[in-house]
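Note that the numbering used here has the sequence shown beginning at 276, numbered continuously upward.
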Amino acid sequence: MAPSVHISLKVRDLDRSVDFYRRFFGEPAKLKSDYAKFVTQKPEIHLALGPGLESPAGAGPLSHLGIRVGSVDEVVEWKAGLHARGLKAEDEERSECCYALQDKFWLTDPDGNRWEIYTVLQD
Numbered sequence: 276m277a278p279s280v281h282i283s284l285k286v287r288d289l290d291r292s293v294d295f296y297r298r299f300f301g302e303p304a305k306l307k308s309d310y311a312k313f314v315t316q317k318p319e320i321h322l323a324l325g326p327g328l329e330s331p332a333g334a335g336p337l338s339h340l341g342i343r344v345g346s347v348d349e350v351v352e353w354k355a356g357l358h359a360r361g362l363k364a365e366d367e368e369r370s371e372c373c374y375a376l377q378d379k380f381w382l383t384d385p386d387g388n389r390w391e392i393y394t395v396l397q398d
């Protein structure tokens with residue numbers, strides 16, 4: 276599996292956002308009362324939407340950014356490569372996230388943007 280981009284956005288009104296992204300990307304791959312996920316193929320993007328943006332003056336709509344890889348071995352390879360380049364990661368193994376079981380690690384850039392490198396163990 277080739278790496279793909281994952282974007283997670285906090286939204287004020289999930290129904291309204293789902294309507295917009297449904298028009299933009301088509302039907303959601305996963306839709307719950309408090310979560311929606313859209314998956315595009317060209318380019319491959321995994322866009323997750325969830326409540327949490329309380330006001331326009333808040334921290335903004337970005338929850339985190341991510342790169343989904345095909346296996347636990349690839350997660351380990353990414354982490355080792357980033358560690359070799361001086362970046363520290365926060366491990367999160369076998370975690371429940373986005374209604375799926377995942378192995379992942381997190382990095383935070385200088386501005387506080389969170390990145391996750393992850394694989395889905397069970398969806």
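Ideal Cβ positions, reconstructed from N, Cα and C, are used throughout, including at glycine.
On a predicted model such as this, the values are computed, not experimentally measured, just so you know.
Would you tell me roughly how many angstroms separate the C-alpha atoms of residue i and residue j, rounded to the nearest one?
i	j	result
Cys-372	Thr-383	18 angstroms
Asp-366	Ala-375	17 angstroms
His-321	Gly-341	9 angstroms
Pro-385	Gln-397	32 angstroms
Arg-343	Arg-369	15 angstroms
Lys-307	Tyr-296	15 angstroms
Trp-353	Asp-309	31 angstroms
Val-314	His-281	9 angstroms
Apply the 10 Å Cβ neighbour rule to residue i and answer buried if 16 or more other Cβ atoms are within range, or exposed otherwise.
i	result
His-358	exposed
Ser-292	buried
Gln-316	exposed
Ala-355	exposed
From the options, pick the residue whose C-alpha is nearest to that of residue i; which is it?
i	options	result
Gly-387	Ser-338, Trp-353, Tyr-310, Asp-366	Ser-338
Gly-327	Leu-289, Trp-353, Phe-300	Leu-289
Ala-311	Pro-336, Pro-318, Leu-284, Glu-329	Leu-284
If you follow the beta strand (DSSP E) that residue i is part of, which residue opens it and which one closes it?
i	result
Lys-285	279 to 286
Asp-386	Segment: none, Asp-386 is in no beta strand (DSSP E) and carries neither H nor E.
What are the uninterrupted segments assigned as alpha helix (DSSP H) that are 4 or more residues long and contained completely in the stretch 289 to 313, given in chain order? 289 to 300
3-residue-minimum beta strand (DSSP E) runs that sit fully inside the stretch 319 to 365, ordered along the chain: 319 to 326, 337 to 343
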